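Under my numbering, the sequence shown is numbered contiguously, ending at residue 279. Just below is one structure, and these are the notes that go with it.
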Amino acid sequence: MKRILLVATLSALMLSKVQSQETTRYMEPPQELMEIIDAPSTPALLVNPNKTHALLAYPQEMPDISEMAQPELRLAGLRINPKNFGDSKPRFWENLSLKEIDGDNSYPITGLPKNGNIRLFRWSPNGQKLAIIAYLKNTIELWVANVFTGEATLWATNLHSSAIRIPIAWAPNSKTIYFTSRVLSREIRSFEDALPVGPSIQVTSGKKTTVRTYQDMLQNPTDEQKFEYYATSTLAKVTENSIPEYLGNPGIISNFSVSPNGEYLLVEQIMRPFSY
Numbered sequence: 004m005k006r007i008l009l010v011a012t013l014s015a016l017m018l019s020k021v022q023s024q025e026t027t028r029y030m031e032p033p034q035e036l037m038e039i040i041d042a043p044s045t046p047a048l049l050v051n052p053n054k055t056h057a058l059l060a061y062p063q064e065m066p067d068i069s070e071m072a073q074p075e076l077r078l079a080g081l082r083i084n085p086k087n088f089g090d091s092k093p094r095f096w097e098n099l100s101l102k103e104i105d106g107d108n109s110y111p112i113t114g115l116p117k118n119g120n121i122r123l124f125r126w127s128p129n130g131q132k133l134a135i136i137a138y139l140k141n142t143i144e145l146w147v148a149n150v151f152t153g154e155a156t157l158w159a160t161n162l163h164s165s166a167i168r169i170p171i172a173w174a175p176n177s178k179t180i181y182f183t184s185r186v187l188s189r190e191i192r193s194f195e196d197a198l199p200v201g202p203s204i205q206v207t208s209g210k211k212t213t214v215r216t217y218q219d220m221l222q223n224p225t226d227e228q229k230f231e232y233y234a235t236s237t238l239a240k241v242t243e244n245s246i247p248e249y250l251g252n253p254g255i256i257s258n259f260s261v262s263p264n265g266e267y268l269l270v271e272q273i274m275r276p277f278s279y
């Protein structure tokens, strides 16, 4: 009798151990809770300059796990996705549609990449086109939608958005878009196994004082190299059905704007030396 009880106890322990070693997987909540979580949010409304149409865009409340698992570099206060040279984990939008202001007609924007996430959008000055930035796994694309049909077409790829908040700007003629682009001519670098090129030196002399604290500051010369590599872009311009034309020299462009007459660009850059 004791032997039977001992065998039964050992079997139960072994079964419990096997069950505990099984991989825990993601599980779905009850249907009632899913309906509450998946209920559509209030859309954003963006009216075009001539007030004939409006864009309706819904915030992406529940991003894919694959999107949240994308790599992230934290350098100089920036959060960079090293795969597509964009800001990591930004807010995305979905279910874009256009609506006539003086009517009930509304229609979806079509043609956008199904595997892309919509990052931002900007109306053209004449209100007849809508520029759309789509984040993909390894690139950032510029799409432009026709306000009258809702059809979107691809204008450019390999945009750069790690060091600049808004990487595009319309020209006053509503035909040209300026944007920051990746520097495609340089060698692709990997910093996974990079060793420091020198020691990290900190000055301890001087008097005590209160200083601000900042997140993700550069720590050493290797961080400087990473920041300069991933934050460097070049300006370019493109029109419909044309090849992008690159302007000027590459640099760490933090902001740019087009003059009202469309003849000049005001460009802000971050220059060496970097402080940390």
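Glycine included, each C-beta is placed from N, C-alpha and C at the ideal position. Bear in mind the structure is a predicted one, so any value in this text is a computation, not a measurement.
Are residue i and residue j close, meaning C-beta to C-beta below 9 Å?
i: G130; j: N244; result: no
i: S184; j: N161; result: yes
i: Y181; j: L250; result: yes
i: G114; j: W158; result: no
i: Q63; j: N120; result: yes
i: A57; j: L101; result: yes
i: I255; j: I273; result: yes
i: E75; j: K54; result: no
i: R122; j: G153; result: no
i: I136; j: N87; result: no
i: I112; j: A148; result: yes
i: R189; j: P253; result: yes
i: L59; j: A234; result: no
i: S236; j: H163; result: yes
Let me know if residue i comes out buried or exposed under the rule of 16 or more other beta-carbons within 10 Å of its beta-carbon.
i: S165; result: buried
i: F151; result: exposed
i: L187; result: exposed
i: Y217; result: exposed
i: A47; result: exposed
i: M4; result: Caution is warranted here: a pLDDT of 46 is assigned to M4, below 50, making its placement in the model unreliable, and no coordinate value can be reported.
i: A72; result: exposed
i: I83; result: buried
i: L238; result: buried
Any beta carbon of chain D sitting closer than 9 Å to that of residue i?
i: T213; result: The structure shown contains no chain D; it is built from a single protein chain.
On the DSSP bridge list, what partners appear for residue i?
i: T213; result: Per DSSP, none; premise fails for T213.
i: P111; result: S100
i: N120; result: Y138
i: V261; result: L268
i: R82; result: R77
i: W146; result: I135, L157
i: D90; result: I83
i: K54; result: Its beta-bridge partners do not exist; DSSP assigns none.
i: I171; result: F182
i: K240; result: Y181, E248
i: I191; result: For I191, which the question treats as bridged, DSSP gives no partner whatsoever.
i: P253; result: DSSP output for P253 lists no bridge partner at all.
i: I273; result: I255
i: R125; result: A134
i: A60; result: A47
Given residue i, which residues of its chain have a CB within under 7 Å of its CB, disregarding the five upstream and five downstream residues?
i: R125; result: A134, I171, W173
i: P128; result: P52, W173, P175, S177
i: N258; result: I167, E271
i: D67; result: none
i: D226; result: L78
i: P85; result: P74, L76, Y233
Ignore the nearest five residues each way along the sequence and tell me which others in residue i's own chain have a CB closer than 6 Å to its CB.
i: L269; result: S260
i: A79; result: L221, F230
i: M30; result: none
i: D219; result: R77, G80
i: E97; result: Y61, Q63
i: T242; result: K178, T179
i: P33; result: none
In chain order, what residues of the same chain lie with their CB nearer than 8 Å to the CB of residue i, ignoring the 5 residues before and after it?
i: S23; result: Unreliable placement is indicated for S23, whose pLDDT of 49 sits below 50; the coordinate value is still reported in the next sentence. The answer is none, since no qualifying residue turns up.
i: K240; result: A174, T179, I180, Y181, F182, P247, E248, L250
i: S44; result: Y61, P62, E64
Discussion item. If contact is defined by three or more beta carbon pairs under 8 Å, each pair taking one atom from either stretch, is the segment 268–279 in contact with the segment 229–242?
Written reply: Contact holds: three or more Cβ-Cβ distances are below 8 Å.
Worksheet item: Within the chosen definition, does the segment 171–189 reach the segment 115–132 through at least 3 CB pairs nearer than 8 Å?
Response: The segment 171–189 vs the segment 115–132: in contact.
Practice prompt. Give a yes or no on contact between the segment 34–45 and the segment 100–109, applying the rule of three or more CB pairs nearer than 8 Å.
Written response: The segment 34–45 vs the segment 100–109: no contact.
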